[in-house]
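Position 17 of the sequence shown, counting from 1, maps to 17 under the working numbering, and the rest follow consecutively. Note that beta-carbon positions come from the ideal geometry of N, C-alpha and C, so glycine has one too. Keep in mind it's a predicted model, so treat the numbers as computed, not measured.
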Amino acid sequence: MHDTCKVIRFALAFLILAALLGNVFAPTLAAPNTRDCSAGNAAILAPQTGVAVTGIVQIEGTASLGGEFQYYKLEVAPVNTEAWADLTGQANQQVVNGQLGVWDSAAVADGAYMLRLRVVDPTGNYCETIVTNISVQNALPTQEPTPAETPTPTEAPPIENAVPTPIPTTSPNGTGTPGPTVTPPRAAPSRTPVPGSGGIGGIEIDQIVGVATDFFSALGRIFLFGVLAMAGIFFFVGVVYFVRRVL
């Protein structure tokens, strides 16, 4: 009878410990998942796939989850990459068929880009939509110069009472009489183009910041998991020791 009571007490202690560990680690270990977005909770209406943009781009659409809305964010990245750069931060106001944000396309190099919208709920799960193949075309096309017409030479009419140009003469002692001095034309000053800035090795500063932010965020989650795991182990050992002392 006494052994049966010990077994029951140990089982109850184990169940209590398992419940406590489940409550502690469940939020940490649960990775965010995508939600059902069939109701149009996350939608980018403009710009659309395949369009060409220049300068400031107005991004319009819908970001709404009703009572489960936490925030939304807009990101941009070159096509076929994961170098997402933040455009809006965590916007905490729901939008329905309105302006989600703006994008200064002049801050990136010309090329094909993607826009991503994520609408997040309080649990971290999200709706997501991506518009791809948005062509940034801020550089002006090179225009070929129009060839100038060659003027037809015309014979100048004779000038009446023209004064002849004096010809230098040589004096008997060998000293020449100088003729008129010709002033050479001045060369036009040249301008040296100043190289532009805005990136490192062809990679935009916003892209580097986005990658670094994701890296340190993942590192923080790993560190928190390790701390909580050690706390759980010590707690389990303490409970077992307490149970054995009681029994």
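- Task: Would you mind giving the Cβ-Cβ distance between isoleucine 59 and glycine 101, rounded to the nearest angstrom? I have them listed as a contact below 8 Å.
- Result: Translated into the one-based positions of the sequence shown, residue 59 becomes position 59. Translated into the one-based positions of the sequence shown, residue 101 becomes position 101. Going by Cβ atoms, the distance from isoleucine 59 to glycine 101 rounds to 5 Å, so yes, they are a contact pair.
- Message: For the beta strand (DSSP E) containing glutamine 94, name the first residue and the last one.
- Response: Within the sequence shown, residue 94 is the residue found at index 94, counting from 1. Segment: none, glutamine 94 is in no beta strand (DSSP E) and carries neither H nor E.
- Message: Buried or exposed, going by whether 16 or more other CB atoms sit within 10 Å of the CB of arginine 118?
- Response: Numbered from 1 along the sequence shown, position 118 holds the residue referred to as residue 118. Buried.
- Message: Could you compute how far the alpha carbon of alanine 63 sits from the alpha carbon of asparagine 33?
- Response: As a working note, residue 63 is residue 63 in the sequence shown. As a working note, residue 33 is residue 33 in the sequence shown. When rounded, the distance between both Cα atoms is 17 Å.
- Is the region 73 to 81 in contact with the region 110 to 124, if contact means three or more CB pairs nearer than 8 Å? yes
- Could you check where the alpha helix (DSSP H) with threonine 248 kicks off and where it finishes? The displayed coordinates of the chain run from 1 to 247. Any statement about residue 248 would go beyond what the structure contains.
- Would you mind sorting phenylalanine 242 into buried or exposed? The rule is 16 or more other CB atoms within 10 Å of its CB. To locate residue 242, count along the sequence shown from 1; it is residue 242. Result: exposed.
- Tell me which same chain residues have a C-beta within less than 8 Å of the C-beta of glycine 55, skipping the five on either side of it? Along the sequence shown, one-based indexing puts residue 55 at 55. The answer, listed in chain order, is Asp104, Ser105, Ala106 and Asn138.
- Message: Is it buried or exposed, proline 78, if we count other Cβ atoms within 10 angstroms and call 16 or more buried?
- Response: Walking along the sequence shown from the start, residue 78 turns up at place 78. So proline 78 counts as buried.
- Item | Neighbourhood of aspartate 110 by C-beta distance below 7 Å, restricted to the same chain and skipping five residues each side | Position 110 of the sequence shown, counted from the start, is the residue given in the question as residue 110. Counting only Cβ-Cβ distances below 7 Å, and skipping sequence neighbours, we find Val136, Gln137, Asn138 and Ala139.
- Three-state secondary structure (DSSP) of glutamate 68: Within the sequence shown, residue 68 is the residue found at index 68, counting from 1. Residue state, collapsed to three classes: helix.
- Message: Is it buried or exposed, proline 47, if we count other Cβ atoms within 10 angstroms and call 16 or more buried?
- Response: On the sequence shown, residue 47 is found 47 positions in, with the first residue counted as 1. That one is buried.
- Query: Can you tell me the Cα-Cα spacing of isoleucine 134 and proline 147, whole angstroms?
  - Reply: Numbered from 1 along the sequence shown, position 134 holds the residue referred to as residue 134. Numbered from 1 along the sequence shown, position 147 holds the residue referred to as residue 147. Using only the alpha carbons, I get a separation of about 36 Å.
- Query: Given that a residue counts as buried once 16 or more other Cβ atoms are within 10 Å of its Cβ, and exposed if not, what is valine 51?
  - Reply: Counting from 1 along the sequence shown, the entry for residue 51 is found at position 51. Label assigned to valine 51: exposed.
- Message: Between threonine 129 and alanine 42, how many whole angstroms is the CB-CB distance? I'm expecting something under 8 Å.
- Response: On the sequence shown, residue 129 is found 129 positions in, with the first residue counted as 1. On the sequence shown, residue 42 is found 42 positions in, with the first residue counted as 1. Yes, they are in contact, since the Cβ atoms of threonine 129 and alanine 42 sit about 5 Å apart, within 8 Å.
- Hey, out of Leu219, Met114, Val246 and Leu224, whose CA is closest to valine 53's CA? Counting from 1 along the sequence shown, the entry for residue 53 is found at position 53. Considering only alpha carbons, the answer is Met114.
- Where the beta strand (DSSP E) containing cysteine 120 begins and where it ends: Here the question's residue 120 lines up with position 120 in the sequence shown. A small correction: the amino acid at residue 120 is valine; cysteine does not occupy that position in the sequence shown. Residues 111 to 120.
- Task: State the Cα-Cα distance for the pair valine 237 and methionine 230, rounded to the nearest angstrom.
- Result: In the sequence shown, counting from the first residue as 1, residue 237 sits at position 237. In the sequence shown, counting from the first residue as 1, residue 230 sits at position 230. Each residue's Cα considered, the two are about 11 Å apart.
- Message: So, with DSSP's three-state summary, where would you put proline 27?
- Response: As a working note, residue 27 is residue 27 in the sequence shown. Caution is warranted here: a pLDDT of 46 is assigned to proline 27, below 50, making its placement in the model unreliable, and no coordinate value can be reported.
- Tell me which same chain residues have a C-beta within less than 7 Å of the C-beta of valine 57, skipping the five on either side of it? Numbered from its first residue, the sequence shown carries residue 57 at position 57. The answer, listed in chain order, is Pro47, Val102, Trp103 and Ser105.
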